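Under my numbering, the residues of the sequence shown are numbered 69 to 180, in order.
Beta carbons are placed, not taken as given, at the ideal position from N, Cα and C, and that holds for glycine.
No experiment lies behind these values; they were computed from the predicted model shown.
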Amino acid sequence: MSQPSTAPTVERADARHRYEILVGGQLAGLTAYRDRADQRVFYHTEVDDAFAGQGLASRLVHEALTDTRAAGKRVVPVCPYVAKFLKRHGEFDDITDPVTPKVLKWLHTELG
69 MSQPSTAPTV ERADARHRYE ILVGGQLAGL TAYRDRADQR VFYHTEVDDA FAGQGLASRL
129 VHEALTDTRA AGKRVVPVCP YVAKFLKRHG EFDDITDPVT PKVLKWLHTE LG
C-alpha cells in the first residue's frame, strides 16, 4: 500500500465557498470567497501555523486565481493577502476589479 503524496494540492470546495490546499491529505490552508454575478470576491486567506514558511499561501492563491479566470469570472481582492499577491503578479490585472463600498456592503450581507 502506498503512502499518500505529501505534494501540496489545491481543490475548490464549492459547498464551503473556498479553495483548500492539502498537504498529505491534510488541510493546510484556505482562501474563502463568495461569487457575486461575474465576480469572485476573495475575503480571507489563511495557512495553518504548522505549514507556515512553505509558500503554500502563494501557491493556493495563484491556483485559485487561475481557476477563477478559467471559470470566466473576475477577481475582487477584499482579502489583504490576495490584494498583496495581485500587486506582485500583474498577469491577473486583466481580471481584477477594485474593492468598492458596494462590494463591501454586499459581502457583509452575504456573510451575515
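Inter-stretch contact at 8 Å, needing at least 3 Cβ pairs: the stretch 78-93 / the stretch 149-167: no
Outcome for R84 when other beta-carbon atoms lying within 10 angstroms are tallied against a minimum of 16: Looking at its Cβ environment, which holds fewer than 16 other Cβ atoms inside 10 Å, R84 is exposed.
For G97: DSSP bridge partner residues: Paired residues: I89 and V115.
M69 (DSSP reduced to helix, strand or coil): Note that M69 scores a pLDDT of 46, beneath 50, so its modelled location is shaky; the value from the coordinates is reported in the next line. Reduced to three states, the DSSP call for M69 is coil.
Neighbour-count burial assignment, P166, 16 or more Cβ in a 10 Å radius: Its Cβ having fewer than 16 others within 10 Å, P166 is exposed.
Host alpha helix (DSSP H) of V150 (start-end): P148 to R156
The beta strand (DSSP E) enclosing Q134, as first and last residue numbers: It should be pointed out that residue 134 corresponds to Thr in this sequence rather than to Gln. T134 -> not in any beta strand (DSSP E); alpha helix (DSSP H) instead, spanning L124 to A138.
Coarse secondary structure for D103, derived from DSSP in three states: strand
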